[in-house]
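Some notes on the structure that comes next.
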Amino acid sequence: MMKKRKEKRYAQGLTRVASEGDGDFVQKLSCEVFSIYGDYDEIVPRWLSNPDVLTLIYVDDVHPLGFAMLSVPSGEILAIAVMPQYQRTRIGSVLLKRIRDLASQLGLRRLTVHTADENAGAQLFFQKAGFEVIGSRERYYSQGQTALILSKGI
Ligand SMILES: CC(C)(COP(=O)(O)OP(=O)(O)OC[C@H]1O[C@@H](n2cnc3c(N)ncnc32)[C@H](O)[C@@H]1OP(=O)(O)O)[C@@H](O)C(=O)NCCC(=O)NCCS
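Under our numbering, think of the first position of the sequence shown as 2, with each following residue one higher.
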């Protein structure tokens, strides 16, 4: 499918609240996109069962293609990921918007996210959505990378 048509299709997609049954999907995708930073294939699935973390799953028909996790009440986006073959088709944008809407309904005033300084794609993604860099933390990740802290008022 052409990029524009894919974007149109996925920009209208559904998100639902995750359940324990999403553990395998979250674990596999985390392994694929986050293991260069540390043991996130173990850490991220544990967040799924943390009562202070809300997780949304992007679904196309019944197939999960991405997820996002919000920590409440801190407003930190702990993770957001889209399957590599579906990236750049607006799925991340849909997830981020729904997380923002959820945070707003919960009365949160600000979202923050940590992202590796070498993860230029994610920085552009968040900056395009209105986030600004407000700080950094050296060796934030167990594999040694520095994290940038990005934030946006709701
Ligand atoms: C970051 C991520 C969630 C973005 O989701 P996505 O569905 O690919 O992003 P979208 O299609 O909604 O992108 C919207 C805009 O953000 C920007 N953007 C997103 N990914 C980008 C990249 N790799 N390089 C440059 N710009 C990018 C673009 O401006 C894009 O619009 P365009 O395609 O019209 O140019 C996804 O790339 C991902 O899962 N990455 C791996 C995990 C990760 O790094 N997560 C973030 C840290 S928690």
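Backbone N, C-alpha and C define an ideal beta-carbon position, used for all residues, glycine too. A quick note: this is a predicted structure, and the numbers were derived from the prediction, not measured.
- Residue pairing of Arg111 in beta bridges, as defined by DSSP: Gly154.
- Looking from the CA of Val114, the closest CA among Gln106, Gly108, Asp102 and Glu133 belongs to Glu133.
- The continuous stretches of beta strand (DSSP E) do not include Tyr41, which lies in the alpha helix (DSSP H) extending over residues Tyr41 to Leu49.
- Comparing alpha-carbon positions, the option among Leu49, Lys5 and Ile81 lying closest to Lys98 turns out to be Ile81.
- Comparing alpha-carbon positions, the option among Val34, Asp102, Lys153 and Thr116 lying closest to Tyr87 turns out to be Val34.
- Per DSSP, reduced to three states, the secondary structure at Pro85 is helical.
- Look at Val54 here: in three-state DSSP terms it is strand.
- Taking C-beta atoms as the reference points, Gln146 and Ala117 count as a pair closer than 7 angstroms.
- Collapsing the DSSP output to three states places Val27 in a helix.
- Collapsing the DSSP output to three states places Tyr59 in a strand.
- Pairing Ile92 with Tyr59 gives a Cβ-Cβ distance under 7 angstroms.
- For Ser94, the enclosing alpha helix (DSSP H) begins and ends at Ile92 to Gln106.
- Between Ile155 and Ala104, the C-beta gap is smaller than 7 angstroms, which places the two residues in contact.
- Annotation: Arg140 is outside any beta strand (DSSP E) and is labelled neither H nor E by DSSP.
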